[in-house]
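For reference, the structure discussed in these notes is given below.
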Amino acid sequence: MNQEEINELENMALRVREHIIRLSTDGGCFTGASLSCADLIVYLYNHFLNVGPHNFTAPDRDYLFLSKGHDVPALYGTFVELGWMEPERLRNHLKTNDTIYWHPNRNIPGIEFHSGSLGHLPSVAVGVALDCKMRGQDNRIVVITGDGELDEGSVWEAVLVANAYKLDNLLFIVDRNHFQANIRTEDLIPLEPLAPKFEAFGWRAKRVDGHSFTALDNALAGMPFEASRPSVLIADTVRGRGLPSIQERADRWFCNFTHEEVDALLEELHGVRRAEIESEALMVR
Amino acid sequence: MKNYEQTLLEMMAADERIIVMTAENRAAIRNLPNLAPDRFIDTGIAEQTMVGAAAGLALRGRVPVLHALATFLTLRAFEFVRTDVGIGNLPVKLVGGVPGFLSDGNGPTHQAIEDVSLMRGIPHMHVFCPADEEDMLLGLPHIINSPHPTYIRYNALKPVIAHDPIFEIGRAEQLSDGTDVAILVYGMLFAQAWEAKAILEAEGLSVRLINIRMPKPVDEEAILSAARETSLVVTLEDHFLTGGLYSIVAETLLRHGETAHVLPLALDERWFRPALLSEVLRFEGFTGEQIAARILERVPTRV
Chain A
1 MNQEEINELE NMALRVREHI IRLSTDGGCF TGASLSCADL IVYLYNHFLN
51 VGPHNFTAPD RDYLFLSKGH DVPALYGTFV ELGWMEPERL RNHLKTNDTI
101 YWHPNRNIPG IEFHSGSLGH LPSVAVGVAL DCKMRGQDNR IVVITGDGEL
151 DEGSVWEAVL VANAYKLDNL LFIVDRNHFQ ANIRTEDLIP LEPLAPKFEA
201 FGWRAKRVDG HSFTALDNAL AGMPFEASRP SVLIADTVRG RGLPSIQERA
251 DRWFCNFTHE EVDALLEELH GVRRAEIESE ALMVR
Chain B
286 MKNYEQTLLE MMAADERIIV MTAENRAAIR NLPNLAPDRF IDTGIAEQTM
336 VGAAAGLALR GRVPVLHALA TFLTLRAFEF VRTDVGIGNL PVKLVGGVPG
386 FLSDGNGPTH QAIEDVSLMR GIPHMHVFCP ADEEDMLLGL PHIINSPHPT
436 YIRYNALKPV IAHDPIFEIG RAEQLSDGTD VAILVYGMLF AQAWEAKAIL
486 EAEGLSVRLI NIRMPKPVDE EAILSAARET SLVVTLEDHF LTGGLYSIVA
536 ETLLRHGETA HVLPLALDER WFRPALLSEV LRFEGFTGEQ IAARILERVP
586 TRV
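Same order as they appear, the protein sequences are chains A and B.
Number 267 in this note's numbering belongs to position 267 of the first sequence; there are no gaps in the numbering.
Number 434 in this note's numbering belongs to position 149 of the second sequence; there are no gaps in the numbering.
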């Protein structure tokens, strides 16, 4: 990846963050978790996955499953920036005349499956990966999971089964933003050491800065990380990335800002000034 | 007669969409893993992942046929069935082993006696409860070819009669047109209902026997005509009273603004005493003789 490509990704990621901020009002959304994986999603659709409107239903396309479905604003924003989704549709967020809500659904072309209940899509992805293997296709199946999501036992069932069937066409990316809802993961259910957990289950793990396009590109160039083994990329990320006033704040999980706060946060995103946020924090959905 | 596994293998040979899965329960498919290894997936004792992976396979155009004990398939994996298969409206076929009384000596952990209630509550889901092996094999091709997700109460007991070979989704099998008592039954208790029918007829009663086959979509016309044309409707099931056939009959009558005398024979707020099947039936009052006696206590005296 050259510098020009990196700049393009940075610019797109910035615009995706603008979409996320604009969706964080009039009902709000899961702002922090969307900002932590925005760079991952922008990178994957631009430089890793062979998928787009030209092959949305083709059996040999690459698949992305958003298992931590509450980060879907990052996906909406990316689809708009790629020209896959009408920008006007984002104005339908949380309205009954469209299906743009807090979790993904298949009515939006490009979204492979609904999610929202954590710990489901690792298993669904195992099914898709098994079928690709059965048919002798070499497409890749990527699952973005949350780190808190790894508390779900069903994730580890899928990890066991993927190892048993040697699904080297399967890649998990853990959005390791170190929070689950309003709590630090290590203060509640510690996950570290995380990479060795997957390695012990027969997977091959890499760990990178999830906001560095170069690091992502270098790490994923070698997927599968080892032949006949599933791969996991632990992407260290920052919840609320790009907005210092909410970044790393446990109470800024689900956000429903005022319109004035949205304007201020957009300025903060562009480094104009720091936003003063007084909206109620610790909202739980 | 072919058995379940042979029938399934024949269908697999003719239809490459079919993938057979199990969560390490191969009782009904002992030879299949060797005979069709490329179309068989065993996820180990991981019912949730089996169901989730089945949804993934169905997204790819497959028709997965899943095998696990009925309790674990419908309870442990319930949210995966509801959320992945149900919301997705995917053609996944869930085959539950040893449902109802068929878990005999296992104990309450293994008693799937809320399975019909749970599965029929999921939008798009069909429910098939065959009376015996022949009934199951008559229905199987229709169930596999249907676009609906379907729960199948696996039942390989030998048949006590020859069934109507005409099988239709949502149609009951009416074996007699009696007018005094209608016995509505699904699943393995069909054999006991058949025995009870003979006893009641020897007592001079005119008995209508209906093998419901599919609690969902249910044959409403069979229920309504039984209510209209007989003096007593008996619902017979190895299932909790809540949410099963008794509930289905009540819902059907209410929806059509009708009423009837109904005698429910089911498990009322209790698990059954674990023992060998014949002992379970006797202890719980579900032998043919006991069923007939319970009906005779309630049937209006003929003038």
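Each residue gets a CB set at the ideal place from its N, CA and C atoms; glycine is no exception.
Residue environment, residue i, which counts as buried when at least 16 other CB atoms sit within 10 Å
i, result
"A/Asn2", "exposed"
"A/Val272", "exposed"
"B/Trp556", "exposed"
"B/Leu490", "buried"
"A/Ile183", "exposed"
"A/His114", "buried"
"B/Ala447", "exposed"
"B/Gly528", "buried"
"A/Ile21", "buried"
"A/Glu278", "exposed"
"A/Leu94", "exposed"
"A/Thr7", "This sequence places Asn at residue 7 of chain A; Thr is not what is there. A/Asn7 comes out exposed."
"A/His270", "exposed"
"B/His541", "exposed"
"A/Asp168", "buried"
"A/Phe56", "exposed"
"A/Ala221", "exposed"
"A/Pro109", "exposed"
Where residue i sits in the DSSP three-state scheme
i, result
"B/Ile508", "helix"
"A/Phe30", "coil"
"A/Cys255", "strand"
"B/Pro393", "helix"
"B/Glu522", "strand"
"A/His114", "coil"
"B/Asn496", "strand"
"B/Ala545", "coil"
"A/Lys197", "helix"
"B/Val588", "For B/Val588, the pLDDT reaches just 43, beneath the cut-off of 50, and the residue's location in the model is therefore unreliable, although a value from the coordinates is still provided. In this structure, B/Val588 counts as coil in the three-state DSSP scheme."
"B/Pro322", "helix"
"A/Gln247", "coil"
"B/Leu360", "helix"
"B/Ile533", "helix"
"A/Ser123", "helix"
"B/Pro439", "The sequence shown places Tyr at residue 439 of chain B, not Pro. Looking at B/Tyr439 - three-state DSSP - the assignment turns out to be coil, as it is neither helix nor strand."
"B/His411", "strand"
"A/Glu10", "helix"
"B/Glu582", "helix"
Spatial neighbours of residue i in its chain, beta-carbon cut-off 8 Å, leaving aside the 5 residues before and after
i, result
"B/Glu290", "Ala313, Ile314, Arg315, Asn316 and Leu317"
"B/Glu543", "Leu509, Ala512 and Arg513"
"B/Gly373", "Ala340, Ala343 and Leu344"
"B/Glu418", "Met286, Asn288, Tyr289, Asn440, Ala441, Leu442, Lys443 and Pro444"
"B/Arg302", "Gly346, Arg347 and Val348"
Own chain, CB closer than 7 Å to residue i, minus 5 neighbours either side, in chain order
i, result
"B/Gly392", "Pro559"
"B/Pro500", "Val401, Arg405, Val412, Cys414, Tyr471, Leu530 and Ile533"
"B/Ile363", "A small fix is needed here, since residue 363 of chain B is Phe in this sequence, not Ile. The answer, listed in chain order, is Leu403."
"B/Val588", "With a pLDDT of 43 at B/Val588, under the threshold of 50, the modelled position of this residue cannot be trusted; read the value that follows with caution. Cβ within range, chain order: n/a, list empty."
"A/Glu261", "Ala275, Ile277 and Ser279"
Span of the beta strand (DSSP E) around residue i
i, result
"B/Thr515", "Segment: none, B/Thr515 is in no beta strand (DSSP E) and carries neither H nor E."
"B/Val348", "Val348 to Leu354"
"A/Tyr63", "Tyr63 to Leu66"
"A/Ser231", "Ser231 to Asp236"
"B/Ala590", "Residue 590 of chain B lies beyond the stretch modelled for chain B, which goes from 286 to 588, so this question has no answer here."
Alpha helix (DSSP H) segment containing residue i, residue limits
i, result
"A/Lys206", "Counting along the chain, A/Lys206 falls outside any alpha helix (DSSP H), though it belongs to the beta strand (DSSP E) covering Arg204 to Asp209."
"A/Leu290", "With chain A running from 1 to 285 in the structure shown, residue 290 of chain A is simply not present."
"B/Lys482", "Phe475 to Ala487"
"B/Ser563", "Leu562 to Glu569"
"B/Ala339", "Glu332 to Leu344"
6 Å Cβ shell around residue i - same chain, five flanking residues per side excluded
i, result
"B/Ala377", "According to the sequence shown, residue 377 of chain B is Val rather than Ala. Excluding sequence neighbours, B/Val377 sits near Ala339, Ala343, Pro349, Val370 and Pro434."
"A/Phe213", "Ile6, Leu9 and Tyr43"
"B/Thr307", "Asp327 and His352"
Residue i beta carbon near the ligand MG (any heavy atom closer than 7 Å)
i, result
"B/Thr334", "The ligand MG is not part of the structure shown, which contains no ligands of any sort."
### Interface residues of the region 114-143 of chain A facing chain E [CB-CB below 7 Å]
Absent from the structure: chain E. Protein chains present are A and B.
### Query
Can we say the region 384-404 of chain B touches the region 335-348 of chain B, given the rule of at least three CB pairs closer than 8 Å?
Between the region 384-404 of chain B and the region 335-348 of chain B there are fewer than three inter-stretch CB-CB distances shorter than 8 Å, so the stretches are not counted as touching.
### Task
Check whether the region 229-237 of chain A touches the region 151-170 of chain A, counting contact only when three or more Cβ pairs, one atom from each stretch, lie closer than 8 Å.
These segments touch.
### Message
Check whether the region 565-579 of chain B and the region 475-484 of chain B are in contact - that is, three or more C-beta pairs closer than 8 Å.
### Response
Result yes; three or more Cβ-Cβ pairs closer than 8 Å.
### Query
Counting Cβ pairs closer than 8 Å, one from the region 40-48 of chain A and one from the region 75-85 of chain A, do we hit at least three?
Enough Cβ pairs lie closer than 8 Å, so yes.
### Query
Touch check for the region 131-151 of chain A and the region 48-64 of chain A: three-plus C-beta pairs under 8 Å?
Note that the region 131-151 of chain A touches the region 48-64 of chain A; at least 3 beta-carbon pairs, one per stretch, sit closer than 8 Å.
### Query
Counting pairs of beta carbons, one from the region 445-462 of chain B and one from the region 418-433 of chain B, are three or more of them closer than 8 Å?
The region 445-462 of chain B is in contact with the region 418-433 of chain B.
### Task
Determine, using beta-carbon pairs with one atom in the region 355-373 of chain B and one in the region 460-467 of chain B, whether at least three such pairs fall under 8 Å.
Pairwise C-beta distances place the region 355-373 of chain B out of contact with the region 460-467 of chain B, as fewer than three of them are shorter than 8 Å.
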